[in-house]
Structures are given as C-alpha cells and as structure tokens.
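The next block holds one structure in the form of structure tokens; read it before the comments.
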Amino acid sequence: AAQPSTTDVERRYTDTPLTVTALPPTLPPHRRHGRAEDEGGAGGGEGALDEWVTRFLSSWQWGALVGLGHRRVCCSAGAGSSIIKPRCHVEMVFLHPQHVAAAALLFAVLCAVCPVLILIYRVLFPTVLRFPWREHNTSRQKDKDTTVVFAGSFNPPHFGHLVMLRYLAERYGRVICCIGVNPNKTYDVTPQARASILRKMCEDCSNIRVQVVSGYIWRYARAHNASFFFRGIRTWEADGSEERQLLILNSWGPLLLGKIWPTKTVFLEGDPRYRDVSSTLVRRLCAERRATSRNEGDEKLARLIPSTVLTEVVAAYG
Numbered sequence: 004a005a006q007p008s009t010t011d012v013e014r015r016y017t018d019t020p021l022t023v024t025a026l027p028p029t030l031p032p033h034r035r036h037g038r039a040e041d042e043g044g045a046g047g048g049e050g051a052l053d054e055w056v057t058r059f060l061s062s063w064q065w066g067a068l069v070g071l072g073h074r075r076v077c078c079s080a081g082a083g084s085s086i087i088k089p090r091c092h093v094e095m096v097f098l099h100p101q102h103v104a105a106a107a108l109l110f111a112v113l114c115a116v117c118p119v120l121i122l123i124y125r126v127l128f129p130t131v132l133r134f135p136w137r138e139h140n141t142s143r144q145k146d147k148d149t150t151v152v153f154a155g156s157f158n159p160p161h162f163g164h165l166v167m168l169r170y171l172a173e174r175y176g177r178v179i180c181c182i183g184v185n186p187n188k189t190y191d192v193t194p195q196a197r198a199s200i201l202r203k204m205c206e207d208c209s210n211i212r213v214q215v216v217s218g219y220i221w222r223y224a225r226a227h228n229a230s231f232f233f234r235g236i237r238t239w240e241a242d243g244s245e246e247r248q249l250l251i252l253n254s255w256g257p258l259l260l261g262k263i264w265p266t267k268t269v270f271l272e273g274d275p276r277y278r279d280v281s282s283t284l285v286r287r288l289c290a291e292r293r294a295t296s297r298n299e300g301d302e303k304l305a306r307l308i309p310s311t312v313l314t315e316v317v318a319a320y321g
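Numbering-wise (this note's numbering), the sequence shown opens with residue 4 and increments by one.
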C-alpha cells in the first residue's frame, strides 16, 4: 500500500488538537514527537498516541485536590519533514464547584478524625521509657532548649524519684517538678512541706524547679510550653492499669475542657535498684521508728531517702 505523504500526516494531526497534561518520560521518542513511521504502518503512530492520551486523561489527578486545578498542555502538530514537532501552550483547568466542595468535605473529615485516632493510639500504645534509659547527648541543643514536667505526689520523695529527676535534669534544659493539690482534700503532710523536702533533695540540680500546682497539671504544663509530661512508674506491668486512667484524663481533658492539644505523656520506668522503694514504705518506717530504736529506724530510712533530708522526713512523717 502507498505510504501517505508528510503533508497528509501533518493535516491529520493539525485538524485535531491534542490535550495532554504532560508527556510521559517513558514514551518512545518516535511517539513522543509524533513520528509518522511506526511499527504498525502510517496509522500506527497516530493510534498509539491517541490510545496513550485517552489512557492518561482518564487517570485521576490528585494534584487538583491541593491546587483546585491543574495545568493542561494543549499541543497541535506542526510542519516537519519526517518528524511532527508539536506547538504547545499551557493553560489552567479549574475543578468543578462540586469537586471543590467534595475536596473541602474530605479535608474537614480528615481534620476531625486524625486527632481522635492519634489520641486513641496514645492510650492504647503508651510511650514507656524503659530502663536502662537512653544515653543522653549533652551536645543536643534541641533537648537543652526543652521544658518537661515531672508530676507526682512525692508523699514523701525518695531515691526512686531522685534518680529519675537527675536523669531528666541531665537530658533536658528545664525540669518542672509538679506536686498536685486538690483543694477539697485534707493532707497529713501539706504539699508545701513535701515541696520543701524535694527542693532540698534536688538542690545540686540547678535546672530543676519544684512547684505546687492547684488544678489540672496539664493546664500548667501547657501554660509553660512543656514538650513532654513525664510520669514515674515501677514498671508498666505493675502500674499500667492505674496509670492508663490518668493517661486518658491527660489526653482527652485538654481537648474537651481546654480546647487545646494535649502534651504528650511519657512513662519513665524506675531503676531496678529502687523498684521496691515506695512512699508508702517510707511512711511506714517513719511510723515504726517511734516504736523501735531510732538508730535502727534511721538505718532503714537511709536506704530509701538521702541523708540530707532524713531529719525533715522524720519530722514530717514520724
């Protein structure tokens, strides 16, 4: 069969302008430039190009969801001896109003659902920093500019608390040790007395601040731009059930009551050397000290609390 002339091929392309979004990098050069000669004959090149344009234009353009439109390259074939060189110009094609509304609705649903999923994940899979704790790098400027909150009752504080506080003080630039207060509750030892003991215990760490907080501690942490909210535990297996309830309050309380994003809670697992040490044990030994010899009672307490605060603890709890 007679091969069509170059003029016929040019007329065939110029009569029907092509509309494409981009030229595929994998398209062979003879198709990318519209070569008339193809494996299938004169009409093979045109059929292959038309098939590719149809397939490409039928694909969904996700970029339109972001820019509310996409670029369209309109090409019409130009003259050439054996290769048809397209002449192209770029124009914007905007989405239909219905598409814009659907995209806005999808974006609103994602904004509402994602925070809920994140909080559910934090409750189901809490962050537990297990012992041995990660080695801190004193050269990390990011951590040195970070403020963290370490919350507890400290009734009274002991070696287990002190080891955790020193680790946080070495790693972060500012550590706020918060003692919560319930105005409707009466305490045998006031929070102010406990704070005084804790300050004396941590007097060698200049970046630790002890604060008595009335109300929600998460609100105080947010007001002081704390990046993390630490809770000390023995192990998650031993204290996880009780701590998860507080985790739910600290995760959903800020969002529901304060309309603010909650500070992330991190559980700091205690040093195995002091896992048997508890505030309850210290209080019991202080009470037994009156019935036994003071020297024997002081020796037992010296294993649980620093000697620098032994007198204050005995005076408050004995």
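Beta carbons: idealized from backbone N, C-alpha and C, even for Gly. Owing to the predicted nature of the structure, the values given are computational and were not obtained by experimental measurement.
Discussion item. Applying the 10 Å Cβ sphere with the 16-neighbour rule, what's the burial state of Pro271?
Written reply: With the sequence shown as reference, residue 271 is identified as Leu, and Pro is not the correct amino acid for it. Flag for Leu271 reads buried.
Item to complete: Report the residue from Ala111, Pro118, His102 and Pro275 whose alpha carbon sits nearest the alpha carbon of Lys262.
Response: For Lys262, the closest C-alpha among the options Ala111, Pro118, His102 and Pro275 is that of Pro118.
Worksheet entry | Residues that DSSP places opposite Thr268 in a beta bridge | DSSP links Thr268 through a beta bridge to Phe232.
Worksheet item: Nearest-angstrom Cα distance between Lys303 and Leu313?
Response: Distance between the alpha carbons of Lys303 and Leu313: 11 Å.
Worksheet item: CA-CA distance, Val166 and Asp274?
Response: Computed Cα separation, rounded: 8 Å.
Worksheet item: Relative to the alpha-carbon of Arg222, which residue among Ser209, Asp191 and Leu258 has its alpha-carbon at the smallest distance?
Response: Residue nearest to Arg222 within the set Ser209, Asp191 and Leu258 is Leu258 (criterion: CA-CA distance).
Discussion item. Let me confirm a value: Asn253 is counted as buried when at least 16 other C-beta atoms fall within 10 Å, else exposed. Which label applies?
Written reply: The residue is buried, with at least 16 neighbouring Cβ atoms inside 10 Å.
Item to complete: Pull up the distance between the alpha-carbon of Phe128 and that of Val184, whole angstroms please.
Response: Just so you know, the alpha carbons of Phe128 and Val184 end up roughly 28 Å apart.
Discussion item. Please classify Ala229 as buried or exposed, where buried requires at least 16 other C-beta atoms within 10 Å of its C-beta.
Written reply: The residue in question, Ala229, is buried, as its Cβ has 16 or more Cβ neighbours within 10 Å.
Practice prompt. Return the residue from the list Pro309, Tyr175, Leu120 and Glu245 that minimises the CA-CA distance to Lys145.
Written response: That would be Tyr175, whose Cα lies nearest to the Cα of Lys145.
Discussion item. If contact is defined by three or more beta carbon pairs under 8 Å, each pair taking one atom from either stretch, is the segment 231-250 in contact with the segment 146-154?
Written reply: In short, these stretches touch, since the Cβ pair count reaches three.
Worksheet item: Where does Ala294 sit, in a helix, a strand or coil, going by DSSP?
Response: In this structure, Ala294 counts as coil in the three-state DSSP scheme.
Worksheet item: Do Arg286 and Asn158 have their CB atoms nearer than 9 Å?
Response: In this structure, Asn158 lies closer than 9 Å to Arg286 by Cβ.
Worksheet item: Can you tell me whether DSSP reads Arg222 as helix, strand or coil?
Response: Helix, per DSSP.
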